[in-house]
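Student: In our numbering, the protein residues as written are 215 to 344.
Positions of the beta carbon are idealized from the N, C-alpha and C atoms, including for glycine.
Owing to the predicted nature of the structure, the values given are computational and were not obtained by experimental measurement.
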Amino acid sequence: MKTLFHNAVHCCICDDYIVSYHRHDYKHCKCSNAMVDGGLDYARYGWKEENSIINFSLYIEDHLFSVIRQYFCRWNIHKEEFVLLKDIDDDWLQAILDYYIPGDGQKGRMRDAYLLLFLQEKQYRLQDEE
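1. If you draw a straight line from the C-alpha of L330 to the C-alpha of V281, how long is it?
2. Per DSSP, which residues does N290 bridge with? Please list them.
3. What number of angstroms, rounded off, separates the C-alpha of H236 from the C-alpha of D342?
4. Does DSSP put Y323 in a helix, a strand or coil?
5. Just curious, the beta strand (DSSP E) that F219 is in, first and last residue?
6. Start and end of the alpha helix (DSSP H) containing R283?
7. Per DSSP, which one or two residues make a beta bridge with M345?
8. Could you give the first and the last residue of the continuous alpha helix (DSSP H) run that contains Y231?
9. Starting from I355, trace the beta strand (DSSP E) in both directions and tell me its first and last residue.
10. L254 by DSSP, collapsed to three states: which one?
11. Where do the N-terminal and C-terminal ends of the alpha helix (DSSP H) with W304 fall, by residue?
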């Protein structure tokens, strides 16, 4: 089964781009033509008018990491907003890895596929420094 990293639709009627960030995060566009739901757990979307939406459900297995880091995001409790993986600062990225990497210091749990994205981001940044 493929792993979602971005779940969104674009309504071609009202030009609204709507993103579902977490399970049961049902959202609809300004004109109520398009809807999206499911966050990263499942991709559910719909429309009232045929051929009026563009689906932006993106899966890890279908994209290069350079694309993934432009869309995958994490909630920042301090800023109270979602932050793209590419924009997470180095200290926060390290804190995420320290918290979730399995071992004696592991405090939280995260799906392996998403933990790998944070590890890839760390590697991506280290390669850019060289």
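Tutor: In short:
1. 15 Å
2. E295
3. 31 Å
4. One detail in the question is off: residue 323 reads as Arg in this sequence, not Tyr. In the structure shown, R323 sits in coil (DSSP, three-state: anything other than H, G, I, E or B).
5. 218–220
6. 279–285
7. Outside the shown range of the chain (215 to 344) lies residue 345, about which nothing can therefore be said.
8. Run containing Y231: none in the alpha helix (DSSP H); it sits in the beta strand (DSSP E), 231–233.
9. An answer regarding residue 355 cannot be provided, because it is not within the stretch 215 to 344 covered by the chain.
10. coil
11. The amino acid occupying residue 304 in the given sequence is Asp; Trp does not appear at that position. Where D304 is concerned, the enclosing alpha helix (DSSP H) stretches over 304–314.
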